[in-house]
Amino acid sequence: MPWSRELATPIKLKDGRTIATLGQAREMMLSLPIDHRRGSMWRYTADLLNEAAADNSYVPHTEAEAQFMRSLKTEGLI
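Mapping the sequence shown onto this note's numbering, position 26 (from 1) lands on 112, and the numbers just tick up by one.
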């Protein structure tokens, strides 16, 4: 899986971290408390990121990034 695929625009988190690749997005998600990751929003985000990393044509890379951004905003991380 191309987890090294770069995001269209790097995302700067409030804590100073920058997320620039799908792999970094995955690692950031894995650093969240388990109860957050089990929520429907993050599960959906994870599914889209996994599909984007697998390069499946029915999940555009930009759609996965947009969902990741929505999730980050909802959590107050950006």
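Backbone N, C-alpha and C define an ideal beta-carbon position, used for all residues, glycine too.
Just so we're clear, the structure is a prediction, and the values are computed from it rather than from any experiment.
Here residue 97 really is in contact with residue 158; their C-beta atoms are around 7 Å apart, less than 8 Å. Per the DSSP secondary-structure output, residue 107 pairs in a beta bridge with 92. Considering only 126, 156, 125 and 152, the residue with the shortest C-alpha distance to residue 138 is 152. Looking at the DSSP output, residue 98 sits in a beta bridge with 104.
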